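> In terms of numbering that gives the first Met the number 0, the sequence shown opens at residue 0 and continues consecutively.
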Amino acid sequence: MIKVITYGTYDLLHYGHIRLLERAKALGDYLVVGVTADGFDQQRGKINVQQSLMERIEAVRATGLADEIIVEEYEGQKIDDIKRYDIDIFTVGSDWKGHFDYLNEFCKVVYLDRTEGVSSSEIRSEERTLRIGLVGELPALEKFRKECKFVNGAMISGVFSLDNRLLSDELKALPCVSDYQDLLDISDAVYIYSSSQYHYDQVLSALQRKKHVLCESPIALTIDQWQQLKNIANQQQVVLMDSVKTAFATAYYRLLLMVKSGAIGEIVSVDSTCTSQSNLLMSKANNFPYIWNSMSEWGSTAMLPIFQLMGTDYKDKIITTRIQEGTDDFDLFTKISFIYPHGVASMKIGQGVKSEGELIISGTQGYIYVPAPWWKTDYFEVRYENPANNKRYFYQLEGEGIRYEIVSFLKTIQRGTDYHYIDDNVSKAIVEVMQDFVNHKYIVI
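This is the structure:
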């Protein structure tokens, strides 16, 4: 018996895929088809896959061509699979010609000509391109612009900023409008990364114009405003989505799944720290008026793991802050302690006070340590009483999670299915804490 193996993503299975599978099947007597896992696709930079792993596996199975279907999950697996399944022929499309010659040591390698004019990328690109307008005053908009290039179906339509001095040369080369309504005229959606005091008005204007909104969390500073915006988004049938890029990073998402699966037992404590001085120093040096305080800069990010792991039904919270002299609400440093029926959580944030930006999740059987800066992590450790049982996990981080966030935003719009990584309970809980801070419900040190 001659055994053949081939691999692919098989997203939006089309005639080209089927033709390749037919020709692979004809090379031998038994065909093994490897379907790449979502995580492995992301590691390879293939992030705009439209279908889930199970959908893609079922599509391959429905062709009736595969005698066996396996999942490709890691680099180097092809050699393992060839040995494990006693493969005689490895085959793949001719666009990979030469790339897999190293496998000749283990079996015969055959490159098959692809069907011209058909590809999943082209099918995805045929969907209407979403024109995204950028709104804000910080250099973070440049990161978003760069990451959009990696996502099929997304393009930047223009920029609206209250201070163009904070825009990169690349952003200044785009249509830069002085009126927010002009940006909405040329956009299907907006990405808002402005100071949180402007979020409500900017989001409201966009929703009223039936534009989709991806807004840096919090989307408002009061619960009433948050609820109003959510209601309008539902009425207008547009997407209103919180943006915290960390939520879309592969390592962070896998960490959540691991904790929720009971890897360290029952969660008793979450300690989150986020601090920086660079924005504050840059602002003072250049006299920029739109400087974010610690809560605007770091509050949502620091609260994210607390609410996603401990839940939003805390019994009490204590906000302790140090306010910059001569200001009403510029907190140089803020610490918030949350008390839960089953544990505690704390967050420390600072714009002008520096600390180790780590995340520690404590459980009854062990703990997870994420080194600084945890919000950009591609690595974390699961630690136990016996160090011999400790494990380290590494996941490639592309674009700080921003490109995956853009993909999620597009999928939610295009499919009408909720691909949010931050649910409404977490979004609302963040706004509730922000509201208390704005209303000075804190202890000043």
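Quick reminder that beta carbons are idealized off the backbone N, C-alpha and C, glycines included.
What you are looking at is a predicted structure, and each value in this text was computed from that prediction instead of being measured.
For F471, list the residues DSSP reports as bridge partners.
The shown model of the chain, from 0 to 444, leaves out residue 471, and the question about it has no answer.
> With a cut-off of 8 angstroms on the beta carbons, I'd call V516 and V59 a contact; round off their distance for me.
Any answer about residue 516 is impossible in this case: the structure gives the chain only from 0 up to 444.
> Using a Cβ-Cβ cut-off of 6 angstroms (strictly less than) and excluding sequence neighbours within five positions of Y339, which residues of its own chain qualify?
For Y339, where only same-chain residues beyond five positions count, the Cβ hits under 6 angstroms are M309 and Y313.
> Looking at C-beta atoms only, is the number of pairs between the region 378-398 and the region 406-416 that lie closer than 8 angstroms three or more?
The region 378-398 vs the region 406-416: no contact.
> Determine the extent of the alpha helix (DSSP H) in which A232 is found, giving its start and end residues.
Run containing A232: I222 to Q235, per the alpha helix (DSSP H) assignment.
> Going along the chain, which residues of its own chain have a beta-carbon closer than 7 angstroms to the beta-carbon of I68, five neighbours each way excluded?
Result list for I68: V32, V34, I56, V59 and R60, in chain order.
> Nearest chain B C-beta to D87 closer than 9 angstroms, yes or no?
This model lacks chain B altogether; it includes just one protein chain.
> To the nearest angstrom, report how far apart Y84 and F105 are at their CA atoms.
Using only the alpha carbons, I get a separation of about 12 angstroms.
> Using a 10 Å radius around the Cβ and a threshold of 16 neighbouring Cβ atoms, would you call Q236 buried or exposed?
Exposed: under 16 other Cβ atoms inside 10 Å.
> Whole angstroms are fine: how far does the CA of W373 sit from the CA of V243?
Cα-Cα distance, rounded: 13 angstroms.
> Note down the Cα distance separating K96 from V189, rounded to an integer number of angstroms.
Using only the alpha carbons, I get a separation of about 41 angstroms.
> Is it the case that the region 201-216 contacts the region 375-388, given that we only count it when at least three CB pairs across the two stretches are under 8 angstroms?
The region 375-388, when compared against the region 201-216, does not touch it at the 8 angstroms Cβ threshold.
> To the nearest angstrom, how far is the alpha carbon of S124 from that of Q413?
Below a pLDDT of 50, predicted positions are generally treated as unreliable, and S124, at 49, falls in that range; no measurement from the model is reported.
> Mapping DSSP to helix, strand and coil, what is D184?
It is helical.
> Apart from the five residues on each side of it in sequence, which residues of its chain come closer than 7 angstroms, Cβ to Cβ, to V352?
Answer for V352: T274, L331 and F332, listed in chain order.
> With a CB to CB cut of under 6 angstroms and the five nearest residues on each side skipped, what residues in its chain are close to Y179?
For Y179, where only same-chain residues beyond five positions count, the Cβ hits under 6 angstroms are F159.
> In terms of residues, what are the limits of the alpha helix (DSSP H) holding I367?
From DSSP, I367 is part of no alpha helix (DSSP H) but of the beta strand (DSSP E) over Y366 to V369.
> To which residues of the same chain is M281 closer than 7 angstroms at the C-beta, ignoring the five residues directly before and after it?
Confidence is the limiting factor: at M281 the pLDDT is only 47, short of 50, which leaves the residue's position unreliable, though a coordinate-based value still follows. Answer for M281: no residue qualifies.
> Terminal residues of the continuous beta strand (DSSP E) containing H211?
It spans H211 to E215 - the beta strand (DSSP E) in which H211 sits, taken as one unbroken run.
> Assign G27 to one of three DSSP states: helix, strand, or coil.
Of the three classes helix, strand and coil, the one that applies to G27 here is coil, per DSSP.
> Pull up the distance between the alpha-carbon of G92 and that of C147, whole angstroms please.
C-alpha separation (whole angstroms): 28 angstroms.
> Assuming T513 and T245 make a contact with CB atoms under 8 angstroms, what is their CB distance in whole Å?
The structure shown has nothing for residue 513, since the chain only spans 0 to 444.
> What number of angstroms, rounded off, separates the C-alpha of M0 from the C-alpha of V48?
Going by the C-alpha atoms only, they are around 35 angstroms apart.
> Do V70 and I222 have their beta-carbon atoms positioned less than 9 angstroms apart in this structure?
Not a contact, by the Cβ cut-off of 9 angstroms.
> Please state if the CB of W291 and the CB of G349 are separated by a distance shorter than 9 angstroms.
Their beta carbons are not under 9 angstroms apart, which means G349 does not touch W291 by this criterion.
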